[in-house]
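Asker: Below are the structure tokens for one structure; questions will follow.
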Amino acid sequence: MRIDVLTLFPEVCEAFFSASIIKRARSAGVVEISCTNFRDFAEDRHRSVDDKPFGGGPGMVMMCGPVFAAVEDVEARHPGPHTRVLLTPQGQRFDQSIARELAGQTHLVVICGHYEGFDERIRLGLTPREISIGDYVLSGGEAAAMVVVDAVVRLLPGALGDEASTDQESFAQGMLEYPQYTRPQVFRGMRVPEVLLSGDHKRVEQWRQEQALERTRQRRPDLLKRRAQE
Ligand code: 6GU
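The sequence shown begins at 21 in the working numbering and counts up one residue at a time.
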């Protein structure tokens with residue numbers, strides 16, 4: 021898979037994509053990620069990427085020119101099917117099933133806005149898939165791009181190495197994770213549950229399932245309802 025992230029803050033995104041699992045996935049050739057600055061596609065000598073809204077009002081609006089030019093440039097340099105993703109609080113709420121869908125694509129072109137919003141013709145002309153990461157306001161799409169790219173990349177075959185698999189994870193199963201413990205067996209009087217020390221894999225598995233179910237029931241009953249409907 022290839023991912024192009026188009027942003028006004030490529031260094032911020034690049035730093036995040038250079039650590040941990042994403043770094044490893046890139047080194048392993050599982051994903052190619054490139055961050056591009058809209059400002060490199062500005063059309064005036066001030067390198068403008070935003071301007072005041074027609075009709076007045078507060079804040080600045082991302083201009084069409086640099087956004088269209090940046091998208092068209094990365095797509096021309098990497099022909100083939102591409103999936104345009106626009107990060108905006110007005111988009112569809114991101115979840116694990118959207119992450120899985122995006123992980124099945126070959127080239128994601130991720131557009132991060134900043135300022136008060138995008139010129140509407142960016143939506144109309146580029147017809148991107150619009151995604152939000154939740155019901156709160158961020159100052160820009162960069163943090164959302166990191167969230168989406170992280171959730172997608174770790175689903176790509178080979179991203180987690182041979183040892184791990186994502187299909188037993190929280191949300192993949194439509195449930196929260198069971199409690200985990202590591203050394204020491206007793207910490208400040210708190211003991212690791214006996215079953216986990218028993219060496220009885222069947223009992224351990226059963227305990228974990230019960231714990232996951234109970235935790236989901238208490239904290240996220242909505243997930244169980246959704247699971248029942250599927
Ligand atoms: Cl994708 N962008 C911004 N600016 N704010 C958000 C968001 C995205 N998702 C939730 N809030």
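Glycine included, C-beta positions come from ideal geometry on N, C-alpha and C.
Could you tell me the distance, in whole angstroms, from the CA atom of Gly133 to the CA atom of Gln229?
Answerer: Taking the first residue of the sequence shown as position 1, residue 133 is located at position 113. Taking the first residue of the sequence shown as position 1, residue 229 is located at position 209. Whole-angstrom Cα-Cα distance: 41 Å.
Asker: Following the continuous alpha helix (DSSP H) through His10, name the residue where it begins and the one where it ends.
Answerer: One cannot answer for residue 10 here, as it falls past the ends of the chain, which runs 21 to 250.
Asker: Under 7 Å: does the beta carbon of Gly79 sit that close to some heavy atom of ligand 1?
Answerer: In the sequence shown, counting from the first residue as 1, residue 79 sits at position 59. Incorrect: Gly79 has no Cβ contact closer than 7 Å to ligand 1.
Asker: State the DSSP-derived secondary structure class of Ile151, mapped to helix, strand or coil.
Answerer: In the sequence shown, the residue the question calls residue 151 occupies position 131. It is a strand residue.
Asker: Within 7 Å: the Cβ of Thr108 and any heavy atom of ligand 1?
Answerer: Translated into positions along the sequence shown, residue 108 becomes position 88. Thr108: yes, Cβ under 7 Å from ligand 1.
Asker: Going by the DSSP bridge assignment, what does Val69 pair with across the sheet?
Answerer: Residue mapping note: residue 69 aligns to position 49 of the sequence shown, counting from 1. The partner list for Val69 (beta bridge, DSSP) is empty, contrary to what the question assumes.
Asker: Would the beta-carbon of Leu38 be found less than 7 Å away from any heavy atom of ligand 1?
Answerer: Your numbering for residue 38 matches position 18 in the sequence shown. According to the sequence provided, residue 38 is Ser. The question's Leu does not apply to it. Ser38 Cβ: outside cutoff for every heavy atom of ligand 1.
Asker: With respect to 7 Å, is the separation between the Cβ of Ala164 and the closest non-hydrogen atom of ligand 1 below this value?
Answerer: As a working mapping, residue 164 is identified with position 144 in the sequence shown. Ala164 Cβ: within cutoff of ligand 1.
Asker: Given this structure, state the Cα-to-Cα distance separating Pro99 from His127, to the nearest angstrom.
Answerer: Counted from its first residue, the sequence shown places residue 99 at position 79. Counted from its first residue, the sequence shown places residue 127 at position 107. Cα-Cα distance, rounded: 9 Å.
Asker: Closest by CA to Arg239, which one among Gly194, Pro213 and Gln226?
Answerer: Position 219 of the sequence shown, counted from the start, is the residue given in the question as residue 239. Of the listed residues, the one whose Cα sits closest to Arg239 is Gly194.
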